[in-house]
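The structure appears right after this line, and notes come after that.
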Amino acid sequence: MRKLVFIINPIAGNGKKDHLLNTIQEKLDGQKFRWEIQYTKGPKDATRIAKLAAAQGTDIVVAVGGDGTINEVAQGLVDSPACLGIVPMGSGNGLARHLQLPLQPEKAIGLLNQASCIQMDTCRVGKRLFLCTSGTGFEAKVSYTFSTLNGRGLWNYVRASLGEYFNYRPKLYTITIDGKTHKINAFSVTIANACQYGNNAFISPSANISDGLMDVCVIKAFPKFKALSLAYRLFNGTLEKSPYYQCQRGKKVRIECTDEHYLHYDGEPLKTDFPVDYTIQPKSLKVMCSAH
Ligand SMILES: Nc1ncnc2c1ncn2[C@@H]1O[C@H](COP(=O)(O)OP(=O)(O)OP(=O)(O)O)[C@@H](O)[C@H]1O
231 MRKLVFIINP IAGNGKKDHL LNTIQEKLDG QKFRWEIQYT KGPKDATRIA
281 KLAAAQGTDI VVAVGGDGTI NEVAQGLVDS PACLGIVPMG SGNGLARHLQ
331 LPLQPEKAIG LLNQASCIQM DTCRVGKRLF LCTSGTGFEA KVSYTFSTLN
381 GRGLWNYVRA SLGEYFNYRP KLYTITIDGK THKINAFSVT IANACQYGNN
431 AFISPSANIS DGLMDVCVIK AFPKFKALSL AYRLFNGTLE KSPYYQCQRG
481 KKVRIECTDE HYLHYDGEPL KTDFPVDYTI QPKSLKVMCS AH
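Under my numbering, think of the first position of the sequence shown as 231, with each following residue one higher.
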């Protein structure tokens with residue numbers, strides 16, 4: 231029998247989680263799995279639980295929540311033989327969407343019965359791990375504002391974005407990718423491992439999560455009247471066609487900016503000094519994917 235631990239973040243997203251115990255009993259194959267549920271008590275708790283589960287030889291550690299929860303679980307699993315499972319119940323669910331996992335909890339739990347695992351890359355900004363995206367500029371400001379709101383969910387992201395947009399000014403960044411430096415006046419700079427932030431906002435539509443490379447995606451300063459068309463391109467996966475967008479790939483990235491203090495990693499805001507350095511650890515995490 232395989233061992234499986236569910237780590238549930240009770241506050242992630244807007245979805246109610248009371249029914250999960252019944253759904254697990256109904257959908258998970260009891261012939262295949264011995265399983266248990268653990269609830270997080272606060273930030274970072276998921277890392278502690280995941281680390282312990284991996285050390286005890288758990289086969290699949292399932293993060294139940296959004297990208298923040300998945301990030302914390304992954305911190306406890308990198309470089310271990312345990313596979314990260316995902317029941318997406320967050321606000322954006324970027325990694326689950328990238329991996330094309332079902333977004334309905336019942337289906338995601340059912341998939342655990344026959345899911346296969348792949349090895350994915352993980353990235354770090356300084357010492358902090360991220361799986362989907364980390365970025366600075368406008369998106370970092372939005373993630374900071376989002377974290378100060380009372381609720382979570384998609385509409386609070388929209389509120390935070392609109393609230394920041396009208397006063398936001400692009401900044402001059404110096405970006406070094408594998409030793410090559412360029413300066414750019416940018417609205418946002420994103421380091422993408424996965425293709426999207428979440429909610430199908432495709433910042434790097436052709437990103438490959440196992441290619442050993444980070445995608446350095448820049449939205450350059452743009453005239454205000456282009457905002458809607460850029461937002462449209464972000465959500466229909468055609469940003470690569472915009473003249474205000476550029477994307478380069480690399481293994482080592484440094485971002486410098488004299489008047490920037492915010493970044494985010496997998497949507498978690500961080501106030502920090504610049505420059506910041508990004509590195510990638512190829513194929514360092516086992517993650518569940520849809521069976522093919
Ligand atoms: N018991 C808890 N009480 C309060 N906060 C918690 C608890 N457990 C975890 N957290 C924190 O909840 C935060 C949000 O979780 P998560 O990112 O999974 O949800 P989300 O933001 O709604 O979804 P997404 O990241 O997909 O947008 C994380 O920063 C995590 O540290």
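Quick reminder that beta carbons are idealized off the backbone N, C-alpha and C, glycines included.
Beta-carbon separation (whole angstroms), residue i vs residue j, contact threshold 8 Å
{"i": "Asn252", "j": "Glu498", "result": "Between Glu498 and Asn252 the Cβ distance is about 31 Å, and since that is not below 8 Å, they are no contact."}
{"i": "Tyr495", "j": "Ser377", "result": "No, Tyr495 and Ser377 are not in contact; Cβ-Cβ is about 12 Å, not under 8 Å."}
{"i": "Thr288", "j": "Ala304", "result": "The Cβ separation is near 14 Å, so there is no contact."}
{"i": "Thr270", "j": "Ile238", "result": "7 Å"}
{"i": "Gln478", "j": "Lys450", "result": "No, Gln478 and Lys450 are not in contact; Cβ-Cβ is about 13 Å, not under 8 Å."}
{"i": "Phe417", "j": "Glu394", "result": "The Cβ separation is near 11 Å, so there is no contact."}
{"i": "Ile407", "j": "Val483", "result": "5 Å"}
Close Cβ partners of residue i (< 7 Å) along its chain, the five nearest in sequence each way excluded
{"i": "Ala370", "result": "Tyr492, Leu493, His494 and Pro499"}
{"i": "Asp259", "result": "Asn343"}
{"i": "Leu533", "result": "The shown model of the chain, from 231 to 522, leaves out residue 533, and the question about it has no answer."}
{"i": "Ile348", "result": "Ser440, Val517 and Cys519"}
{"i": "Gly356", "result": "Val506 and Asp507"}
{"i": "Ile485", "result": "Thr366, Tyr403, Ile405, Val419, Phe504, Pro505 and Val506"}
{"i": "Pro339", "result": "Here the sequence assigns Ile to residue 339, which means Pro is not the residue at that position. Contacts found: Thr253, Ile254, Lys257, Leu258 and Val317."}
Any non-hydrogen atom of ligand 1 within 7 Å of residue i CB
{"i": "Ile241", "result": "yes"}
{"i": "Ala276", "result": "yes"}
{"i": "Thr270", "result": "yes"}
{"i": "Asn323", "result": "yes"}
{"i": "Gly306", "result": "no"}
{"i": "Glu369", "result": "no"}
{"i": "Asp297", "result": "yes"}
{"i": "Pro273", "result": "yes"}
{"i": "Arg399", "result": "no"}
{"i": "Glu498", "result": "yes"}
{"i": "Glu256", "result": "no"}
{"i": "Gly320", "result": "yes"}
{"i": "Gly428", "result": "yes"}
Cut-off 8 Å between Cβ atoms - residues of its own chain near residue i, not counting five sequence neighbours on either side
{"i": "Val308", "result": "Thr352, Leu359, Gln511, Ser514 and Leu515"}
{"i": "Tyr387", "result": "Ser321, Gly322, Val372, Phe376 and Asn429"}
{"i": "Ser459", "result": "Ser472"}
{"i": "Leu341", "result": "Leu331, Pro332, Met518, Ser520 and Ala521"}
Sheet register partners of residue i (DSSP bridge)
{"i": "His412", "result": "Ile405"}
{"i": "Glu486", "result": "Thr404"}
{"i": "Arg354", "result": "Leu359 and Thr509"}
{"i": "Phe263", "result": "Arg232"}
{"i": "Asp445", "result": "Ala422 and Arg479"}
{"i": "Ile238", "result": "Tyr269 and Val294"}
Own chain, CB closer than 6 Å to residue i, minus 5 neighbours either side, in chain order
{"i": "Leu402", "result": "Asn415"}
{"i": "Met350", "result": "Ile439, Ser440, Leu515 and Val517"}
{"i": "Ala242", "result": "Gly295, Gly296, Thr299, Met319 and Gly320"}
{"i": "Met231", "result": "Arg264"}
Cβ of residue i within 8 Å of any chain B Cβ
{"i": "Gln478", "result": "Looking at the structure shown, chain B is missing, and only one protein chain is on hand."}
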